[in-house]
Amino acid sequence: MERKFAPADDRLRSLIAREKQMPALLGDARVNLKNPPRIFTEIAIEQLPDIVSFFERDVPLAFADAKDPALKAEFAQTNAAVIAGLKSYLAWLKTDLLPRSNGDFRIGAQAFSEKLSTTRW
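Using this note's numbering, read the sequence shown as starting at 1409 and increasing by one per residue.
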């Protein structure tokens, strides 16, 4: 966000397009997360309040120099939807996923060996 690679309105259009996708991605996560390791869920719960804060404070500040009023209004809507989605997702993590987060974080010897063979050092 610090690198102003294009005019503010152009960058804001790009952000809006991405923000429009976020509620669906959070929905997909709810469907796909079945039994993660508890520590993974706990880390997500710990990190999400700062992510919410980022969208509440930092993201609007980064686009304060945008000029197009219609674009700014659309951003207000998409950003509010992202914030609401993240807050809802956080509540879901705490009440639904955490109690059933009993997965094993270990991937096993075979998978670890395969991972090492494909990792570039």
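Even glycine gets a Cβ: it sits at the ideal position worked out from N, Cα and C.
These numbers come from a predicted model, not from an experiment.
Asked                                                                                                                             : Found
Beta-carbon gap between I1424 and E1482 smaller than 8 angstroms                                                                  : yes
Proximity below 8 angstroms, CB of A1416 to CB of F1471                                                                           : yes
Cut-off 6 angstroms between Cβ atoms - residues of its own chain near K1428, not counting five sequence neighbours on either side : T1486
Whether A1484 touches L1420 by CB criterion (8 angstroms)                                                                         : no
Cβ separation of L1501 and I1453, assumed to be a contact under 8 angstroms, to the nearest whole Å                               : 5 angstroms
C-beta contact flag for L1498 and L1441 at 8 angstroms                                                                            : no
Exposure of I1491, with buried meaning 16 or more beta-carbon neighbours within 10 Å                                              : buried
Residues of its chain near L1456, where Cβ-Cβ distance is below 8 angstroms and the 5 sequence neighbours each way are ignored    : L1494, Y1497, L1498 and L1501
Beta-carbon separation (whole angstroms), A1517 vs P1431, contact threshold 8 angstroms                                           : About 39 angstroms; that fails the 8 angstroms criterion.
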